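**Q**
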Amino acid sequence: MINIPPNPFRVFEVDNQHPFVVDALRKRKHFEACWCGSGKKYKKCHRGRGEEQPYPLGKILNLQRKVFWRKRGCMHPLASVDTCRGQIIDAHTIQRKGPLERIVSSSGHVMQSQVTQEGGAAEAKSISWRKASVFPGFCSFHDSSLFSPIETSTFTGDHKQCVLHAFRNVCNEYYKKQALVESLEFQRSVIDRGMEIDRQINIQLSISENIEGQKKSLEENGNYRDILEEAIRWDNYDKFESACYFFNGKLDVVSSSIIHCEFDFLGNKLIDMWDISKDAEMLSHTVVNTDGGGAIIFVWLKGDPHPERVVESFDDLPDDEKGDIFVQYCLVNCENTFFSHQWWDALDDNKQTKLQQYANATYYEGGAYTANEQRLVDWMIV
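When we follow my numbering, the leftmost residue of the sequence shown carries the number 3, and every step to the right adds one.
Structure, rendered in structure tokens:
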């Protein structure tokens, strides 16, 4: 059983001796850099912040959404004014005419665990399959040409097909990490308007720590993306390893992402993710459809021991438990996971509650994954 903490967010206690707090409370001249870390002059930032009119939550969310989802250009390795054609489009990280098509309802919807604006907890929500798993990452020409081996061909487990899935995952994650940093910078400028100084410091310290961690993750993701881009430019994928697990059964759950390797499937800790001085290694996973059911794809950088250990621990699981445990892994680790209404509605209340707890956790504390006696999916590894 994996260990899900009761609080979805890790809580740290700080006192007035914390360097951030000390700097925030000291007297400063109006032309000095603001204590919040924005890089702006104090007079242009937090001087008088407590007297500013607070923004309504709806306004903050709308403005932040515009910051997050702005188009940042084509992410093809050879993207340029000369090579790109068409507009930047909403690219699907999970194929719409593929895995998503297998789980769509008659009304054109799939389900996803989403954070609610009201309480902040994740709940299973319905979403249009046309909007599921999209990000504005490529021009229409490069999205079509680059991913044609996986969009127009049957998946066979070919190594190049696997790596292309990983590249799309990396680009999606890079885009969203970059967008998250920019969104947090926006939050820093408006979210504590009209608040007392103690509350301002509390919020700004949390944002500052979050930005620092996200920038570290963005750096790691960018390094991985650089190696993938080189592989695509030279059409040589020897720097990567891939493993495919084909299965028969109904494709009720699909997922696609790239994840830092903190624990393996047996709960062994591989790295302390809270220590940002250490470089985390990454593992891509994708679920694709096949004629008989589907396949789970893992891709990682050759020579990286942590993702190799994660895949080895998955390989060690009994074949009849792999599908159930992989679905748990996706819900714990990956927001880009979708499932059918029919599958979700068929789960009993206990399973739904458990899976919602998994989706709601922003981190977990190890522990081995264990399969449910009544399996979540009927995937039989072949």
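Note that the Cβ used here is the ideal one computed from N, Cα and C, for glycine as well.
Quick caveat: nothing in here was measured; it's all calculated off a predicted structure.
#1: Would you kindly work out how many angstroms separate the C-alpha atoms of residue 6 and residue 36, rounded to a whole number?
#2: Of the choices 99, 34, 382, whose alpha-carbon is the least far from that of residue 150?
#3: Would you mind listing the beta strand (DSSP E) stretches within the region 219-265 that are 3+ residues and don't spill past its ends, in chain order?
#4: Which of helix, strand or coil does DSSP assign to residue 330?
#5: By a C-beta neighbour count over all protein chains shown, 10 Å radius and 16 as the cutoff for buried, is residue 114 buried or exposed?
#6: Could you tell me which of 12, 377, 241 sits nearest to residue 320, measuring between CA atoms?
#7: Is there contact here, the region 190-200 with the region 225-232, by at least three beta-carbon pairs under 8 Å?
#8: Just to confirm the assignment: which complete beta strand (DSSP E) runs, minimum length 3, are found wholly within the region 105-193?
#9: Under the three-state reduction of DSSP, which class applies to residue 315: helix, strand or coil?
#10: Going along the chain, which residues of its own chain have a beta-carbon closer than 7 Å to the beta-carbon of residue 380, five neighbours each way excluded?
#11: Can you find the residues in the same chain that come closer than 6 Å, C-beta to C-beta, to residue 267, ignoring five residues on each side of it along the sequence?
#12: Count Cβ pairs between the region 174-181 and the region 212-223 that sit closer than 8 Å; are there 3 or more?
#13: Under a three-way DSSP split, which group does residue 302 fall into?
#14: If you check the beta carbons only, do residue 338 and residue 135 fall under 8 Å apart?
#15: What would DSSP say about residue 286, mapped onto helix, strand or coil?
#16: Once you ignore the five residues that flank residue 346 on each side, which residues in its own chain have a CB closer than 6 Å to its CB?
#17: Near residue 11, what residues of its chain come up, given a Cβ to Cβ distance below 7 Å and the 5 sequence neighbours on each side ignored?
#18: For residue 91, list the residues DSSP reports as bridge partners.
#19: Measuring straight from C-alpha to C-alpha, what distance separates residue 23 and residue 54?
#20: Bridge partners of residue 31, per DSSP?
#21: Using alpha carbons as the reference points, say which of 158, 354, 307 lies closest to residue 1.
#22: Taking C-beta to C-beta, are residue 374 and residue 326 nearer than 8 Å?
#23: Out of curiosity, what's the CA-to-CA distance linking residue 297 and residue 25?
#24: How should residue 75 be labelled, buried or exposed, when 16 other C-beta atoms within 10 angstroms of its C-beta is the threshold for buried?
#25: Per DSSP, residue 383 forms a beta bridge with which residues?
#26: Buried or exposed, going by whether 16 or more other CB atoms sit within 10 Å of the CB of residue 89?
#27: Buried or exposed: where does residue 137 fall if 16 or more other Cβ atoms within 10 Å of its Cβ makes it buried?
#28: For residue 351 and residue 124, what's the separation of their Cα atoms in angstroms?
#29: How many whole angstroms separate the CB atoms of residue 220 and residue 176, which I take to be in contact at a CB cut-off of 8 Å?
#30: Under the three-state reduction of DSSP, which class applies to residue 81: helix, strand or coil?
#31: With a cut-off of 8 Å on the beta carbons, I'd call residue 255 and residue 140 a contact; round off their distance for me.
#32: Between the Cα of residue 62 and those of 223, 187, 323, spot the shortest distance and give me the residue it belongs to.
#33: How long is the line joining the alpha carbons of residue 92 and residue 308, rounded to whole angstroms?
#34: Between the C-alpha atoms of residue 196 and residue 58, what's the straight-line distance to the nearest angstrom?
#35: Confirm, please, whether the CB-CB distance from residue 289 to residue 300 is below 8 Å.
#36: From 111, 286, 87, pick the residue whose C-alpha is nearest to that of residue 258; which is it?
**A** So, from the data block:
#1: Each residue's CA atom was taken as its position, placing residue 6 and residue 36 some 37 Å apart.
#2: Nearest C-alpha to residue 150: 99.
#3: Every beta strand (DSSP E) of 3 residues or more that sits fully in the region 219-265 is shown, in chain order, as 242-250, 255-262.
#4: Note: residue 330 maps to helix in three-state DSSP.
#5: It is buried - the Cβ of residue 114 has at least 16 other Cβ atoms within 10 Å.
#6: Looking at 12, 377, 241, the one whose alpha-carbon comes closest to that of residue 320 is 377.
#7: Cβ pair count under 8 Å is below three, so no.
#8: As far as the region 105-193 is concerned, its whole beta strand (DSSP E) runs of at least 3 residues are 111-117, 124-130, 136-141.
#9: Here residue 315 sits in helix by DSSP.
#10: Answer for residue 380: 251, 252, listed in chain order.
#11: Apart from sequence neighbours up to five positions away, the residues of its chain that approach residue 267 with a beta-carbon distance below 6 Å are 315, 316, 371, ordered along the chain.
#12: The way I'd put it, the region 174-181 does touch the region 212-223; three or more beta-carbon pairs between them come closer than 8 Å.
#13: Correct three-state label for residue 302: strand.
#14: In this structure, residue 338 lies near residue 135, with their beta-carbon atoms less than 8 Å apart.
#15: The DSSP-derived three-state label of residue 286 is strand.
#16: Cβ within range, chain order: 113, 126.
#17: Only 364 meet the Cβ criterion.
#18: The partner list for residue 91 (beta bridge, DSSP) reads 140.
#19: The alpha-carbon atoms of residue 23 and residue 54 are separated by roughly 21 Å.
#20: In the DSSP assignment, residue 31 is bridged to no other residue.
#21: This structure leaves residue 1 out entirely; the chain is present only between 3 and 384.
#22: The answer is yes: Cβ separation under 8 Å.
#23: Their backbone Cα atoms lie some 53 Å apart in a straight line.
#24: Around the Cβ of residue 75, a 10 Å sphere holds fewer than 16 other Cβ atoms; the residue is exposed.
#25: 249, per the DSSP bridge assignment.
#26: With fewer than 16 other Cβ atoms within 10 Å, it is exposed.
#27: Burial state of residue 137 is buried, judged by a 10 Å Cβ sphere holding 16 or more other Cβ atoms.
#28: Those two C-alpha atoms are separated by around 16 Å.
#29: With a Cβ gap of about 7 Å, residue 220 and residue 176 count as contacting.
#30: In the structure shown, residue 81 sits in coil (DSSP, three-state: anything other than H, G, I, E or B).
#31: Not a contact, Cβ separation roughly 26 Å.
#32: Here the closest residue by C-alpha is 187.
#33: A straight line joining the alpha-carbon of residue 92 with that of residue 308 spans about 32 Å.
#34: In this structure, the straight-line span from the alpha carbon of residue 196 to that of residue 58 is close to 11 Å.
#35: No, the pair does not count as a contact, with Cβ atoms beyond the cut-off.
#36: Closest by alpha carbon: 286.
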